[in-house]
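Chemist:
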Amino acid sequence: MLEIIDLTKRYGPVVALDGASFTARPGRIVGFLGPNGAGKTTTMRCVFGLAAPDRGEVRWKGQPVDRDMRLRFGYMPEQRGLYPRMRVAEQLSYFGQQHGMSGKAANASAAAWLERMGLGDRAKSKLEELSHGNQQRVQLATALVHDPELLVLDEPFSGLDPIGIATMTDVVREQASKGSGVVFSSHQLDLVEDVCEDVVIIARGRIVASGAIDELKAASGRQHLEIEVAGAHGDWLDGHGALQVLDRSGDKVKLLVDRSVDLTDLLARAKAAGEVRTFSYEPPKLSELFMEAVAPEPAADTREVA
Amino acid sequence: MPRWRSIWLVARREILERGRSRGFILSVAFTTLIVVGSFVIPAIVFGGDNPTKVGIVDPSPSGLQAAIEQSAERFDHKVVVTTYPSSAAADEALTGGGADLVVQVPPDLSGPGEIRVKRQPDQATAQVIAAATVALRVQNVLGESNVDQSALADAQRPPETRSLQAETEQDQAKFLVANIGAVLILVGIFSFGFTVLTGVVEEKQSRVVEVVLSTVRARDLLMGKVLGIGVLGIVQLAVFITAALIAAYATNRLVLPTTTPGTVVLLALWFVLGYLLYSTALGFLGALASRQEEASNASTPVTMVAMISYFVAIFAVIDDPDGLVANIATFFPPSAPFVVPLRAAFDAIPLWQIGVAAILTIIGIYILFTIGARVYAGAVLQFGGRIKLRDAWRSGE
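Going line by line, the protein sequences match chains R and V. Residue 306, in our numbering, is where the first sequence stops; the numbers in between run on with no holes. Residue 1397, in our numbering, is where the second sequence stops; the numbers in between run on with no holes.
(1) Restricting to Cα atoms, I'd like to know which of R:8, R:11, R:30 is closest to residue 2 (chain R).
(2) Have a look at V:1249, V:1125, V:1303, V:1210 and flag the residue whose alpha-carbon is nearest the alpha-carbon of residue 51 (chain R).
(3) When the Cα atoms are used, what is the spatial distance from residue 1100 (chain V) to residue 1055 (chain V)?
(4) Quick one: which chain V residues come within Cβ less than 7 Å of residue 97 (chain R)?
(5) Return the first residue and the last residue of the alpha helix (DSSP H) that residue 288 (chain R) is part of.
(6) Could you give the residue range of the alpha helix (DSSP H) that holds residue 1307 (chain V)?
(7) Output needed in chain order: residues of the segment 50-69 of chain R with a Cβ under 8 Å from some Cβ in chain V.
(8) Let me confirm a value: residue 174 (chain R) is counted as buried when at least 16 other C-beta atoms fall within 10 Å, else exposed. Which label applies?
(9) What are the boundary residues of the beta strand (DSSP E) that includes residue 202 (chain R)?
(10) Any idea if residue 1004 (chain V) is buried or exposed, counting beta-carbon neighbours within 10 angstroms, 16 or more meaning buried?
(11) What in chain V is Cβ-close to residue 250 (chain R), meaning under 8 Å?
(12) I'd like the span of the alpha helix (DSSP H) that includes residue 1117 (chain V), first residue to last.
(13) Along chain R, in chain order, which residues have C-beta atoms closer than 7 Å to that of residue 1215 (chain V)?
(14) Measuring CB to CB, does residue 54 (chain R) end up less than 8 Å from residue 8 (chain R)?
(15) When you check each C-beta in the segment 1368-1387 of chain V against every C-beta of chain R, which residues fall closer than 8 Å?
(16) In the DSSP output, which residue or residues are listed as bridge partners for residue 75 (chain R)?
(17) Taking CB distances under 8 Å as the criterion, tell me whether residue 117 (chain R) reaches chain V.
(18) Counting only beta-carbon separations shorter than 8 Å, does residue 1211 (chain V) have a partner in chain R?
(19) Using beta carbons (cut-off 8 Å, strictly below), is residue 1017 (chain V) in contact with chain R?
(20) DSSP three-state label for residue 1387 (chain V), please.
(21) Measuring CB to CB, does residue 245 (chain R) end up less than 8 Å from residue 34 (chain R)?
(22) Please check if any C-beta of chain V sits within less than 8 Å of the C-beta of residue 291 (chain R).
(23) I want to know whether the segment 223-235 of chain R touches the segment 1002-1020 of chain V - three or more CB-CB distances under 8 Å.
(24) Would the beta-carbon of residue 17 (chain R) fall within 8 Å of that of residue 39 (chain R)?
(25) Between the beta-carbon of residue 1062 (chain V) and the beta-carbon of residue 1105 (chain V), is there less than 8 Å?
(26) For residue 256 (chain R), which three-state DSSP category applies?
(27) Measure the alpha-carbon distance for residue 287 (chain R) versus residue 183 (chain R) and round it to whole angstroms.
(28) Just verifying my parser: in three-state terms, what is the DSSP assignment at residue 1202 (chain V)?
(29) Give a yes or no on whether the minimum CB-CB distance between residue 1208 (chain V) and chain R is below 8 Å.
(30) Going by C-alpha distance, which of V:1311, V:1031, V:1144, V:1245 is nearest residue 1109 (chain V)?
(31) Only counting the same chain, and skipping five residues up and downstream in sequence, which positions put a Cβ closer than 6 Å to that of residue 1141 (chain V)?
(32) Quick check: is the beta carbon of residue 184 (chain R) nearer than 8 Å to any beta carbon in chain V?
(33) Between residue 1229 (chain V) and residue 1195 (chain V), is the Cβ-Cβ spacing less than 8 Å?
(34) Interface residues of chain V around residue 81 (chain R) at Cβ under 8 Å?
(35) For residue 181 (chain R), which residues does DSSP report across the bridge?
(36) Are there 16 or more other CB atoms within 10 angstroms of the CB of residue 1162 (chain V), so buried, or fewer, so exposed?
This is the structure:
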């Protein structure tokens, strides 16, 4: 289990992390979400010792993370980069060995990953001779070549074509099913919703929401309600204060309701207005949870994240 | 994983990647070609077919000219013999280039005589002439009715060689070796130190450094890089020196001073120390830059120090190898790599000074590396623009 505990980091006047804490469970894919500048990359850098937090710590399996543990982690930074003039297979093998593999094991693993990425015939090519998409594949293979226990990917989907996205998704799922921890950041929320079981949402250096996506949705105060009453044009809703009407077309209304709304009462009203054809209750989309979570806090809110 | 393995992997990557690159192979081949060429081309142009101009000072023993010509033929050596009326006229020709070598032997063959050259004797021609005079004198002694054994022994003495200019042959060669040494160290520091500099910037520019540093400590990366590129520097230096020695020996262009092996060892030692000192400085300053163009700016102070040290060495120290400036510069790590081998080439430095200078330089390298590693760690992950040294130092914790 990866535990991020109270991480705080300032760069001069800029507060990059402000007491961020969350955990990532092994075998589960964690989507790490947040607007630009929220502290995602800084958090990841703290995991890899690339940034030293001013306060707080990172733990892995209950122990503070040290260099030897990091050798069993795999990292794909947001700013991609490998040695442009180094041959692809040698490059992968080099990084495998830097993670503690023997030369032989690293060579074998490099070859296997290149095969897996469909680059078996490019093993002797220099990185710069590959297309952008293939360079991305090599970058992913670099993070995986030593079979890491924890995989941390910063924006792995950015710049990928649909085939690349499919490969990336497969690999991420495969790693998680093997029991590895997988944390990745992304702005593509639909993709995250599709791939991840858990999400962590960070804003202004603090964690504003974290947990299983389903639980977060269920706990959300904002549920979607779609009601269709034949011939009623939605007039029957008038005078009901606690509702937010999202869309009204024909006989259909789409509503956003919070927990205080009595659904039984609402259904009774609809029935009174006419024949109820649809009364469907749906959890919010991840993107809505996200927007809600990252909305600026009221100034008076000084809550501490434990 | 032990740190040495991490450092070794970094160093090995540098050696393999750069050592196999066309650039490195070409540069080794090119410098070797220049060294060999600088010995071989003059040998072809000036040696061989061009006859050596030999001057004979009158009065001279009869038959001397014929003896020299005969001897030259035997040695397969071309000479043109001119007779000068006086010693002064001969020396004038020697200075003016009318004669390469002047021979003066007593007309009665009572002594071995003298060979005079302008600066450095041409060994082959000197041998030709010695053979001629010895033959004449031996014949003369044997021609007497009763052969005087001591006169016969004396007759076999070759003429003495004297240079018109004060420098002896050894000084000449020492000067040359010292100069070549200083240039080699300067070029080595510049070419390989700058390889470290551009290597650091390349890693930063390609962003690979973030992946590398997720497993490798920043100071281990810097150390591996400096050591790996240093190995290539040593390889190039070894090829260079071997080529120079072989070429010098084969073409007979240069009579190497007896101190040569020591000089070469000392040169290699100071090449390593100088390289380590300067490339460490260049390496961490490179981390302050985000692009290659900024890197040359960042490196300016180091370039200046290296150039000043070099000029102090070749002007002040060659001028007076045991003077005050030379003595001070010996104990100053940035100038020691240039000054110590130079002074040693002139036999103008006591052993204890070499030892103390080496220790001081090693301490300097250690301090610079400790500072440099911290600056490097603080700067290498900051992208965009030039990073201030102070900021890098602070964030390097």
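Every residue gets a Cβ at the ideal spot worked out from N, C-alpha and C, and that includes glycine. This structure is a prediction, so every number in the text was calculated from the model and none was measured.
Modeler: Short version:
(1) Locating residue 2 (chain R) in the first sequence gives position 2, where the first residue counts as 1. For residue 2 (chain R), the nearest C-alpha among the options comes from R:30.
(2) By 1-based counting over the first sequence, the position of residue 51 (chain R) is 51. With distances taken between Cα atoms, residue 51 (chain R) lies closest to V:1210.
(3) Within the second sequence, numbered from 1, the residue matching residue 1100 (chain V) stands at position 100. Within the second sequence, numbered from 1, the residue matching residue 1055 (chain V) stands at position 55. Rounded to whole angstroms, residue 1100 (chain V) to residue 1055 (chain V) spans 8 Å at the Cα level.
(4) Looking up residue 97 (chain R) in the first sequence gives position 97. Residues of chain V passing the Cβ test: 1009.
(5) Locating residue 288 (chain R) in the first sequence gives position 288, where the first residue counts as 1. Residue 288 (chain R) -> alpha helix (DSSP H) spans 286-294.
(6) In the second sequence, the residue the question calls residue 1307 (chain V) occupies position 307. Element bounds for residue 1307 (chain V): 1292-1311.
(7) 50, 51, 52, 67, 68
(8) Within the first sequence, the letter at position 174 stands for residue 174 (chain R). Exposed.
(9) Residue 202 (chain R) sits at position 202 when you count from the first residue of the first sequence. Where residue 202 (chain R) is concerned, the enclosing beta strand (DSSP E) stretches over 198-203.
(10) Indexing the second sequence from 1 puts residue 1004 (chain V) at position 4. The residue in question, residue 1004 (chain V), is exposed, as its Cβ has fewer than 16 Cβ neighbours within 10 Å.
(11) In the first sequence, the residue the question calls residue 250 (chain R) occupies position 250. Correct list: empty, because the minimum Cβ distance to chain V is about 54 Å.
(12) For this step, residue 1117 (chain V) is matched to residue 117 along the second sequence. Per DSSP, residue 1117 (chain V) is not a residue of any alpha helix (DSSP H); the beta strand (DSSP E) it occupies stretches across 1114-1117.
(13) For the purposes of this step, residue 1215 (chain V) is identified with residue 215 of the second sequence, where counting begins at 1. Chain R residues near residue 1215 (chain V): 70, 71, 98, 99.
(14) Translated into positions along the first sequence, residue 54 (chain R) becomes position 54. Translated into positions along the first sequence, residue 8 (chain R) becomes position 8. Yes, they are a contact pair.
(15) 1381, 1383
(16) Counting from 1 along the first sequence, the entry for residue 75 (chain R) is found at position 75. The bridge partners DSSP lists for residue 75 (chain R) are R:152.
(17) As a first step, residue 117 (chain R) must be located in the first sequence, where it is residue number 117. No, residue 117 (chain R) lies away from the interface with chain V (no Cβ there is under 8 Å from its Cβ).
(18) In the second sequence, counting from the first residue as 1, residue 1211 (chain V) sits at position 211. Yes, because at least one Cβ of chain R sits closer than 8 Å to the Cβ of residue 1211 (chain V).
(19) Position 17 of the second sequence, counting from 1, holds the residue named residue 1017 (chain V). It does: the Cβ of residue 1017 (chain V) has a partner Cβ on chain R nearer than 8 Å.
(20) As a working mapping, residue 1387 (chain V) is identified with position 387 in the second sequence. Judged by DSSP in its simplified three-state form, residue 1387 (chain V) adopts coil rather than helix or strand.
(21) As a first step, residue 245 (chain R) must be located in the first sequence, where it is residue number 245. As a first step, residue 34 (chain R) must be located in the first sequence, where it is residue number 34. At least 8 Å separates the beta-carbon of residue 245 (chain R) from that of residue 34 (chain R).
(22) Position 291 of the first sequence, counted from the start, is the residue given in the question as residue 291 (chain R). No - not a single Cβ of chain V is within 8 Å of the one on residue 291 (chain R).
(23) no
(24) Residue mapping note: residue 17 (chain R) aligns to position 17 of the first sequence, counting from 1. Residue mapping note: residue 39 (chain R) aligns to position 39 of the first sequence, counting from 1. Yes.
(25) In the second sequence, residue 1062 (chain V) corresponds to position 62, counting from 1. In the second sequence, residue 1105 (chain V) corresponds to position 105, counting from 1. Contact flag unset, no.
(26) Counting from 1 along the first sequence, the entry for residue 256 (chain R) is found at position 256. Here DSSP, grouped into helix, strand and coil, assigns residue 256 (chain R) to strand.
(27) As a working note, residue 287 (chain R) is residue 287 in the first sequence. As a working note, residue 183 (chain R) is residue 183 in the first sequence. Take the alpha-carbon of residue 287 (chain R) and the one of residue 183 (chain R): they are about 18 Å apart.
(28) In the second sequence, residue 1202 (chain V) corresponds to position 202, counting from 1. It is helical.
(29) Numbered from 1 along the second sequence, position 208 holds the residue referred to as residue 1208 (chain V). Yes, contact with chain R.
(30) For the purposes of this step, residue 1109 (chain V) is identified with residue 109 of the second sequence, where counting begins at 1. It is V:1144.
(31) Position 141 of the second sequence holds residue 1141 (chain V). Within the same chain, residue 1141 (chain V) has close Cβ partners 1151, 1152, 1155.
(32) As a working note, residue 184 (chain R) is residue 184 in the first sequence. So, not an interface residue.
(33) In the second sequence, residue 1229 (chain V) corresponds to position 229, counting from 1. In the second sequence, residue 1195 (chain V) corresponds to position 195, counting from 1. Yes.
(34) In the first sequence, residue 81 (chain R) corresponds to position 81, counting from 1. Chain order gives the chain V residues near residue 81 (chain R) as 1206, 1207, 1208, 1209, 1210, 1211, where near means a beta carbon separation below 8 Å.
(35) If you number the first sequence from 1, residue 181 (chain R) lands on position 181. Answer by DSSP bridge pairing, in chain order: R:150.
(36) Looking up residue 1162 (chain V) in the second sequence gives position 162. Burial call: exposed.
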